[in-house]
Amino acid sequence: MGPTKRGKGTKLMVVADAFGLPVAIHATSASPAEVTLVQATLAARFLVAEPERIIGDKAYDSDPLDATLAAQGVEMVAPNRRGRKVQTQDGRALRRYRRRWKVERLFAWLQNFRRILTRHEHKAENYLGFVHLVCIKILLRQYL
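Residue numbers for the sequence shown follow my numbering, beginning at 43 and rising by one.
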């Protein structure tokens, strides 16, 4: 990951369901923007069905991303970036943005595990394996 052996950082991209449980996890280098990693994260999902909508922050406000997701039948809900000429979101869709705290809660659950909080593995596959193991533990805790 990145220019050195262990990388300059790792970015975890997570898709959560309405209850804040993990649906898709993708780990990559910390340098690329989130907008470019959405398709790879959706491809790494645990479920077969695609989500109906994705709620993201201002970093996900992109016309090409909106067009790509609309072609797949996925609605993108993200507030507009500052200085955007054409406003694409209205207040009705942004009411769903208030539920984004559930994703933040999922990140808090993930960071309860020291092995995930501090990456000790040299290989990204090993780190992603531990992240998947933690996701399984979170899912089992919720369903058992």
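Idealized CB from N, CA, C, for every residue including glycine.
Item	Value
Validate contact between the segment 161-169 and the segment 60-68 using beta carbons, cut 8 Å, 3 pairs	no
DSSP beta-bridge partners of L170	Per DSSP, none; premise fails for L170.
Buried or exposed (CB count within 10 angstroms, at least 16 for buried), V173	buried
Limits of the unbroken beta strand (DSSP E) element including T160	Counting along the chain, T160 falls outside any beta strand (DSSP E), and DSSP gives it neither H nor E.
Rounded separation between N168 and K53 - CA only	15 Å
In DSSP terms, what L54 is bridged to	A69
Reference Y102, options P74, V80 and V56, closest by Cα	V80
Host beta strand (DSSP E) of E117 (start-end)	E117 to V119
Inter-residue CB distance, R95 and R138 (contact presumed, cutoff 8 Å)	7 Å
Closest residue to A72 among A85, M55, G115 and L84 (Cα-Cα distance)	M55
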